[in-house]
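If you want our numbering, it's the 1-based position in the sequence shown plus 6.
Report on one structure; see the data block that follows.
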Amino acid sequence: MIDADGSQVGVMNIREALRVAESRGLDLVEVASTASPPVCRITDFDKYRYAQKKKAHDSKRHATASAVKEVKMGALTDKHDVDFKVAHIRRFVGEGQRVKLSVSFRGRQITHPELGRALLDRIVDQVRDVAQPEGSGRMEGRNMSILLTPR
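Next up, the structure:
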């Protein structure tokens, strides 16, 4: 058992620990149930719960989610525009993010999916030194996409 000021009291019976906590007007809180014997602390339960909530919130705040950036282009995008998008992909992958590369087909372009696949393959070859593709390009409606992850 741990006292309200943080000092270790020692091993004691549950009933005796509850009696000590009630005499001080505080609660007996189990802080380590997996320990042998379990560790309890004499404290105000509301303050303890608030501290736990605050600790969980702070740990979530400093964690960064692995976001997926999406780079979109058309099936007939010009070489200069593709080079511009490749620079964006390199920057995103350099920051450790995954990139979803999408090629959209408009109108009758959907009848020529080989144009989109060739564009995807060309871009994947240009960024192969920093990124690796997960699978091959797949159709999702009028879009063909591939996921690139950092090496």
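A virtual CB, placed ideally from N, CA and C, is assigned to each residue, including glycine.
The straight-line gap separating the alpha-carbon atoms of Thr83 and Ala124 is approximately 12 angstroms.
Apart from the 5 residues on each side of it in sequence, Tyr54 sits with its Cβ closer than 7 angstroms to the Cβ of Val35 in its chain, given in chain order. Judged by their CB atoms, Ser110 and Lys78 are nearer to each other than the 8 angstroms cut-off. Checking the DSSP bridge columns, you'll see Arg134 has no partner listed.
Assignment of Pro156 by DSSP, reduced to helix, strand and coil, places it in the strand class. The criterion of a C-beta distance shorter than 8 angstroms is not satisfied by Val17 and Ile8.
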